[in-house]
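Engineer: Using my numbering, you'd call the opening residue of the sequence shown number -13 and step up by one each time. In this text, a Cβ means the ideal position worked out from N, Cα and C, and glycines have one as well.
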Amino acid sequence: MLRHNLKLSFNIILKIKNIGVFYMRKITMTRKTGAFLVVFSLLFTLFLTCVGSTNVSALEPPGVYGDFNGDRNVDALDFMKLKQYLMDQNTTYHFYMDLNSDSTLDAMDFAILKQYLLGIVKTLPTNSTPEKPGVLLVGRFDTSDSAGPKFAWSTSTIKASFTGTAISATIKSSGDNWFNVIIDGVVKTPVNVPAGASSPVTLASGLGDGVHSIELVRRTEASIGETQFLGFNVTGGGLLPAPSPSTRRIEFIGDSITCGYGNEGTSQYQSFTSKNENAYMAYGAITARLLNADPVTVCWSGKGLVQNYGGDLNDLMPAVYSRVLPYNTTLTWDTSKWIPQVVVINLGTNDFSTGSIDKTTFATAYANFVTKIRGQYPDAHIYCAVGPMLSWDQLAKCKDAITSVVDQKKTSGDLKIHFIEFPVQVESNGYGEDWHPSIKTHGLMADQLAATIKNDLGW
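(1) Look at the Cβ atom of Glu207, then the Cβ atom of Ser242, and state whether they are nearer than 9 Å.
(2) Thinking Gly223 and Gly120 are a contact (beta carbons under 8 Å), I'd like their distance in whole angstroms, please.
(3) Say whether the segment 222 to 240 touches the segment 282 to 290, bearing in mind that this needs 3 or more beta-carbon pairs closer than 8 Å, one atom from each stretch.
(4) Can you give the Cα-Cα distance for Gln214 and Gly161, rounded to whole angstroms?
(5) Does the segment 269 to 283 come within contact of the segment 418 to 432, defined as at least 3 CB pairs closer than 8 Å?
(6) Pull up the distance between the alpha-carbon of Val50 and that of Asn86, whole angstroms please.
(7) Excluding the five sequence neighbours on either side, which residues of its own chain have a C-beta within less than 8 Å of the C-beta of Leu291, listed in chain order?
(8) From this set, Pro423, Met73, Leu299, which residue's C-alpha is nearest Asn264's C-alpha?
(9) Assess, as a yes-or-no matter, whether the segment 92 to 102 is touched by the segment 172 to 188 under the definition of 3 or more beta carbon pairs within less than 8 Å.
(10) Nearest-angstrom Cα distance between Leu225 and Lys426?
(11) Out of Ala371, Tyr71, Trp445, Pro364, state which residue places its alpha-carbon closest to the alpha-carbon of Pro409.
(12) Mapping the DSSP letters down to three states, classify Gly224 as helix, strand or coil.
(13) Between the alpha carbons of Gly296 and Gly418, how many angstroms are there, rounded?
(14) To the nearest angstrom, how far is it from the Cα of Asn219 to the Cα of Ile157?
(15) Determine the closest residue to Leu443 out of Ala279, Thr109, Ser398, Ser132, with distance taken between C-alpha atoms.
(16) Output the distance between the C-alpha atoms of Thr129 and Glu212, rounded to the nearest integer angstrom.
(17) Measure how close the beta-carbons of Ser260 and Ile210 come, nearest whole angstrom, since I'm counting them as under 8 Å.
(18) Provide the residue span of the beta strand (DSSP E) that contains Leu202, from first to last.
(19) Take the Cβ of Met83 as the centre, count every other Cβ of all protein chains shown within 10 Å, and call the residue buried at 16 or more, exposed below.
(20) Taking the straight line between their C-alpha atoms, what separation do you get for Ile343 and Gln380?
(21) Apart from the five residues just before and just after Asp386, which ones in its own chain have a Cβ nearer than 7 Å to its Cβ?
(22) Between the alpha carbons of Ala268 and Cys245, how many angstroms are there, rounded?
(23) Counting C-beta neighbours from all protein chains within 10 Å, is the total for Asp53 16 or more, i.e. buried, or is it exposed?
(24) Whose C-beta lies closer than 7 Å to the C-beta of Trp324 among residues of the same chain, with five residues either side of it excluded?
(25) Is it buried or exposed for Gly125, if we count other Cβ within 10 angstroms and need 16 for buried?
(26) Which runs of the beta strand (DSSP E), 3 residues or longer, sit entirely within the segment 94 to 132?
(27) With a CB to CB cut of under 6 Å and the five nearest residues on each side skipped, what residues in its chain are close to Gln254?
(28) In chain order, which continuous runs of the alpha helix (DSSP H) of length 4 or greater are located wholly inside the segment 320 to 352?
(29) Kindly identify the DSSP beta-bridge partner or partners of Arg235.
(30) Quick check on Trp378: does DSSP put it in helix, strand or coil?
(31) Do the CB positions of Leu317 and Val310 come within less than 9 Å of each other?
(32) Per DSSP, what are the beta-bridge partners of Glu407 in this structure?
(33) Pick helix, strand or coil for Thr275, following the three-state DSSP scheme.
(34) Do you know offhand how far Gln394's Cα is from Gly341's?
(35) Give the range of the beta strand (DSSP E) segment to which Phe148 is assigned.
(36) Going by the CB atoms, is the gap between Pro326 and Tyr363 shorter than 9 Å?
In structure tokens form, the structure reads like this:
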């Protein structure tokens, strides 16, 4: 039926064209010519509304708007190719033939091209090449390898929009890493990318027609190993231009709590498994979603400012914080690339959990780290957090040290530094692996933090 209607419509259009050509030969180039062209254009567009539309199905590399055959010219050959496409005689879709930017190639685009060739429309939409298909990277990524970006920090996210019925991704991994897959805003079953893997992983299938969104979020933390994104593969369609980033940005700096260590575990007596670590459901990422913000998370289980868990002094958080990739000591993150309005620091649990630590020594290290963050982000609100794992004397010492730093900074004129205390976790909310916060506890922390940020920043 569609093909029949298209042929019928084009037969009518061609008759109008022949009549137009006949009269154009009779009419001299006067004002009548301009009037005829306008009337002809209107009639032409009216008849084109009979022609069925075809949804976007795939993408080709960017070119000139209206240039169907890729010769960098817009002429009758492109007009013919577009006609063939609309009549199902040509199934190759070109993104740059969407001349009214409505993500659909239909009769209106045909009409616009005809008007352009007649000289009625002087320039095609945007007056430039179409925006390239692509992905949005949220987090710290090393993009120096042309094969694909490398990343390892928790909640590192790859976002895209696409048309098609299925989508897969190829990811290389040096450890047992896990990813959350979010299709059209719905969280799907997580996917595992084990060490040494490099085969495509199906993320979604059986999708309906239209435009879809995908988010691929790294659940696992830095210590599990690096991953490299080698690309999406779309069935029955292709990628669209990359989504826009949020104008709201929050950086989270922390240890296992911020990583979501074991938060999907069912017992505090379970040992750590990478499968049960879900940074997407840690308090930081949840807070970001509550505030419609993009999160960047720099966290590593066991890390401290003066000592790591167990008293280890190697690679303390101030040393690893500046790295693009956690184990790469030479590649430093450019803080000018991504400037947050909010920074949340939740460190101290590991410092005070092992042995006896001098409170003044910790306060000095904490103050130095805050000074570093303030130097990078002069206008950011900095939230210095404690909790929810410490208790009793350990909590009191850590809290006293952090509040002393916050008070001193405020006295010195820094009015964008804040202290926030997350309540000690309780058994009724459950525990994750190795006594870490459960997803329920993370949710409560996020509610508290999001409300505080919203109040302070007006978000």
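Structural biologist: Put simply:
(1) Along the sequence shown, read from residue 1 onward, the residue named residue 207 stands at position 221. Along the sequence shown, read from residue 1 onward, the residue named residue 242 stands at position 256. Ser242 is positioned such that its CB atom lies closer than 9 Å to that of Glu207.
(2) Taking the first residue of the sequence shown as 1, we reach residue 223 at position 237. Taking the first residue of the sequence shown as 1, we reach residue 120 at position 134. Contact between Gly223 and Gly120 fails: their C-beta atoms lie close to 15 Å from each other, not under 8 Å.
(3) Yes, the segment 222 to 240 is in contact with the segment 282 to 290.
(4) Taking the first residue of the sequence shown as position 1, residue 214 is located at position 228. Taking the first residue of the sequence shown as position 1, residue 161 is located at position 175. C-alpha separation (whole angstroms): 11 Å.
(5) yes
(6) Stepping through the sequence shown from its first residue, residue 50 is reached at position 64. Stepping through the sequence shown from its first residue, residue 86 is reached at position 100. Those two C-alpha atoms are separated by around 14 Å.
(7) To locate residue 291, count along the sequence shown from 1; it is residue 305. Shown here for Leu291: same chain residues with a beta carbon closer than 8 Å to its own, the five before and five after excluded, namely Leu302, Met303, Pro304, Leu333, Gly334, Asp337, Phe348, Ala351, Tyr352, Phe355 in chain order.
(8) As a working note, residue 264 is residue 278 in the sequence shown. Checked all of Pro423, Met73, Leu299; the closest Cα to Asn264 is Pro423.
(9) no
(10) If you number the sequence shown from 1, residue 225 lands on position 239. If you number the sequence shown from 1, residue 426 lands on position 440. Distance between the alpha carbons of Leu225 and Lys426 is about 36 Å.
(11) Within the sequence shown, the letter at position 423 stands for residue 409. The candidate whose alpha carbon is nearest that of Pro409 is Ala371.
(12) As a working mapping, residue 224 is identified with position 238 in the sequence shown. Strand, per DSSP.
(13) By 1-based counting over the sequence shown, the position of residue 296 is 310. By 1-based counting over the sequence shown, the position of residue 418 is 432. Their backbone Cα atoms lie some 20 Å apart in a straight line.
(14) To locate residue 219, count along the sequence shown from 1; it is residue 233. To locate residue 157, count along the sequence shown from 1; it is residue 171. For Asn219 and Ile157, the distance between alpha carbons rounds to 12 Å.
(15) Counting from one through the sequence shown, the residue named residue 443 turns up at place 457. Leu443 has its Cα closest to that of Ala279, out of Ala279, Thr109, Ser398, Ser132.
(16) Looking up residue 129 in the sequence shown gives position 143. Looking up residue 212 in the sequence shown gives position 226. Roughly 13 Å between the two C-alpha positions.
(17) On the sequence shown, position 274 is the one that residue 260 refers to. On the sequence shown, position 224 is the one that residue 210 refers to. The pair is a contact, with the Cβ atoms about 5 Å apart (cut-off 8 Å).
(18) Stepping through the sequence shown from its first residue, residue 202 is reached at position 216. Counting along the chain, the beta strand (DSSP E) containing Leu202 begins and ends at 197 to 204.
(19) By 1-based counting over the sequence shown, the position of residue 83 is 97. Classification for Met83: buried.
(20) Numbered from its first residue, the sequence shown carries residue 343 at position 357. Numbered from its first residue, the sequence shown carries residue 380 at position 394. One C-alpha to the other measures close to 10 Å.
(21) The residue given as residue 386 occupies position 400 in the sequence shown. Only Lys345 meet the Cβ criterion.
(22) Numbered from its first residue, the sequence shown carries residue 268 at position 282. Numbered from its first residue, the sequence shown carries residue 245 at position 259. So the alpha carbons of these two residues sit roughly 7 Å apart.
(23) Working through the sequence shown from its first residue, we reach residue 53 at position 67. So Asp53 ends up on the buried side.
(24) Your numbering for residue 324 matches position 338 in the sequence shown. So the qualifying residues of the chain are Arg235, Val282.
(25) Counted from its first residue, the sequence shown places residue 125 at position 139. With 16 or more other Cβ atoms within 10 Å, it is buried.
(26) 122 to 124
(27) Residue 254 sits at position 268 when you count from the first residue of the sequence shown. Only Tyr417, Trp421 meet the Cβ criterion.
(28) 335 to 339
(29) The count along the sequence shown starts at 1 and reaches residue 235 at position 249. In the DSSP output, where bridge partners are listed per residue, Arg235 has Asp280.
(30) Walking along the sequence shown from the start, residue 378 turns up at place 392. Helix at Trp378.
(31) Position 331 of the sequence shown, counting from 1, holds the residue named residue 317. Position 324 of the sequence shown, counting from 1, holds the residue named residue 310. Contact: yes.
(32) Residue numbering aside, residue 407 sits at position 421 when the sequence shown is read from its first letter. In the DSSP output, where bridge partners are listed per residue, Glu407 has Val372.
(33) Locating residue 275 in the sequence shown gives position 289, where the first residue counts as 1. According to the sequence displayed, residue 275 carries Arg and not Thr. Arg275 falls in the helix class under three-state DSSP.
(34) For the purposes of this step, residue 394 is identified with residue 408 of the sequence shown, where counting begins at 1. For the purposes of this step, residue 341 is identified with residue 355 of the sequence shown, where counting begins at 1. Going by the C-alpha atoms only, they are around 27 Å apart.
(35) Numbered from its first residue, the sequence shown carries residue 148 at position 162. First-last of the beta strand (DSSP E) with Phe148: 143 to 149.
(36) To locate residue 363, count along the sequence shown from 1; it is residue 377. To locate residue 326, count along the sequence shown from 1; it is residue 340. Yes, the Cβ-Cβ distance between Tyr363 and Pro326 is below 9 Å.
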